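Structure, as structure tokens:
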Amino acid sequence: MKTKSYFLFTALSLFTAKVFAQSNEDVVNILQKKGLLTQREADSLRSDYSVKQEQNKKNQTLFPIQAGRGVQISGYSQVRFQSLQEADKPDGFDIRRARLDIRGSINKVWEYRLMTDFASSPKLIDAFVSFKPYDFLKITAGQFYVPFSLENLTPDRQLEFIDRSQVVNALVSRDKDVIGNNNGRDIGIQVSGNVWKRNDRFIFDYYLGAFNGQGINVVDLNESKDIAGRLVAHPFHFFDIGASYYNGYDAWGSPSKNQRRVRSGAEVAFHYHSWSVKAEYILGQDGKTKINGKTEDLVRAGWYTQATWFIFPKQLQVVLRYDTYDPNTFKAPESQPQNDITSWYTGGLNYFINEWAKVQVSYSLRKEQGPQINNDVISAQFQVSF
147 MKTKSYFLFT ALSLFTAKVF AQSNEDVVNI LQKKGLLTQR EADSLRSDYS
197 VKQEQNKKNQ TLFPIQAGRG VQISGYSQVR FQSLQEADKP DGFDIRRARL
247 DIRGSINKVW EYRLMTDFAS SPKLIDAFVS FKPYDFLKIT AGQFYVPFSL
297 ENLTPDRQLE FIDRSQVVNA LVSRDKDVIG NNNGRDIGIQ VSGNVWKRND
347 RFIFDYYLGA FNGQGINVVD LNESKDIAGR LVAHPFHFFD IGASYYNGYD
397 AWGSPSKNQR RVRSGAEVAF HYHSWSVKAE YILGQDGKTK INGKTEDLVR
447 AGWYTQATWF IFPKQLQVVL RYDTYDPNTF KAPESQPQND ITSWYTGGLN
497 YFINEWAKVQ VSYSLRKEQG PQINNDVISA QFQVSF
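Going by this note's numbering, the first residue of the sequence shown is number 147, and it counts up by one from there.
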């Protein structure tokens, strides 16, 4: 039997080399006609080949690189060019992000993820383990996204715009937040899940977590723990609506001191064929401030609305967004106007070269409530992933 199997394998290999332009199905058919394969052996070869092809397709769809048991490796980099219209700010290129993402499943209910960013200086972005025994119950512990805001929870590689909106940058643990840029993440534990399944989709998603409140790669600086929660409803397959809340008492500022850091937000999203519309409103309080000799809550607020449309399906996309942000909602007397609200009008195009690469270009017209500043920005970004 071994001799016959070896002979068949050798014959198949040699014959395949000679007729490499033909498909595997053709090769099996020819060998069967020549009497080198029985019907049973031919059917077995076809079945094995079909299974391997399906497995290869599945692996390529998920991640093209795999290593070890249940380990999936991916990554991406973003190279950006900015033309800054503001005086004394030179145009130039930068490596926006360069990330390596490792994730996997220990078994059917345990998962893990590690993601690092090598742009500028290496730093750990995600590091968590999840336990999901049921659809309605998932427990996550480690460093991961704070469950707040639709845009915040959208991965950088999937953003329709090169830059995030002003309000998300300022109030959701990103580059303008009082605790610094933490990529929207923190260290803590979270319970989440999907409930009420109808017509093969869940109607509600919930998230509830407790966090240090200091951001990524930083131990807590006080005894207080921050609480964050998010609830999203999907009443229709094309429509989502949600709300988020965050309450913290964190050590920040200069000098560092314990202060309130509270956030609340609302979001909607509409998807129809090649169209998509999204909007968010976020309100935040960051400690106290003195205004006209009085100590007042420092309240910030902002919102955005955006629309996207694929001119050519999965290839060329038009993106438009309006976003506005007020870093201090307290209304001073007319004799002392704040003049600090900024509104950005952004338009652009996204061109998807293939599944792994895309080019984004945009123009951001920026308006100030007070004296105008020539600070418009023209941006272009190339992203490649594996």
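No residue lacks a Cβ here, since even glycine has one placed at the ideal position from N, Cα and C.
Note that the coordinates shown come from a computational prediction; the quantities given were computed from them, not determined experimentally.
- The secondary-structure analysis by DSSP pairs residue 417 across a beta bridge with 422.
- Secondary structure remark: continuous beta strand (DSSP E) runs of at least 3 residues inside the stretch 479–518, in chain order: 488–500, 503–514.
- Take the alpha-carbon of residue 522 and the one of residue 253: they are about 50 Å apart.
- About 7 Å separates the Cβ atoms of residue 407 and residue 359, confirming a contact at the 8 Å cut-off.
- In the same chain as residue 370, and ignoring 5 residues on each side of it, the C-beta atoms closer than 6 Å to its own belong to 395, in chain order.
- Exclusion of the five residues before and after residue 334 leaves 355, 356, 357, 358 as the residues of its chain whose Cβ lies within less than 7 Å of its Cβ.
- Going by DSSP, residue 273 is part of the beta strand (DSSP E) stretching over 269–280.
- Counting only runs of 4 or more residues that sit fully inside the stretch 275–350, the alpha helix (DSSP H) segments are 312–317, in chain order.
- Between residue 432 and residue 405, the CB-CB gap stays under 8 Å.
- For residue 366, DSSP assigns no beta-bridge partner whatsoever.
- Within the same chain, 442 come within 8 Å of residue 436 by CB-CB distance, once the 5 residues on both sides are set aside.
- In this structure residue 448 is buried. Its beta-carbon is surrounded by 16 or more other beta-carbon atoms within 10 angstroms.
- Taken through DSSP and simplified to helix, strand or coil, residue 404 comes out as strand.
- Judged by DSSP secondary structure, residue 263 falls within the beta strand (DSSP E) whose first and last residues are 256–263.
- With a cut-off of 8 Å on Cβ pairs, the stretch 287–307 is in contact with the stretch 315–326, counting three or more such pairs.
- Each residue's CA atom was taken as its position, placing residue 493 and residue 469 some 12 Å apart.
- The DSSP-derived three-state label of residue 360 is coil.
- For residue 525, the secondary structure class from DSSP, reduced to helix, strand or coil, is strand.
- Taking every protein chain shown into account, the CB of residue 504 has 16 or more other CB atoms within 10 angstroms, so this residue is buried.
- The beta-carbon separation of residue 328 and residue 361, rounded to 3 Å, stays under the 8 Å limit for a contact.
- Collapsing the DSSP output to three states places residue 431 in a strand.
- The straight-line gap separating the alpha-carbon atoms of residue 344 and residue 234 is approximately 57 Å.
- Taking a C-beta distance under 8 Å as the contact criterion, residue 296 and residue 424 qualify as a contact pair.
- As DSSP reads the structure, residue 249 sits in a beta bridge with 218, 259.
- Residue pairing by DSSP places residue 390 opposite 376, 411 in a beta bridge.
- Where residue 184 is concerned, there is no enclosing beta strand (DSSP E), because DSSP gives it neither an H nor an E.
- For residue 374, the closest alpha carbon among the candidates 352, 524, 513, 530 is that of 352.
- Distance from the Cα of residue 277 is smallest, within the candidate group 190, 339, 434, for 339.
- By a beta-carbon distance limit of 8 Å, residue 324 contacts residue 398. Their separation comes to about 5 Å.
- Take residue 287, set aside five residues on each side of it, and the residues of its chain with a beta-carbon closer than 7 Å to its own are 274, 275, 335, in chain order.
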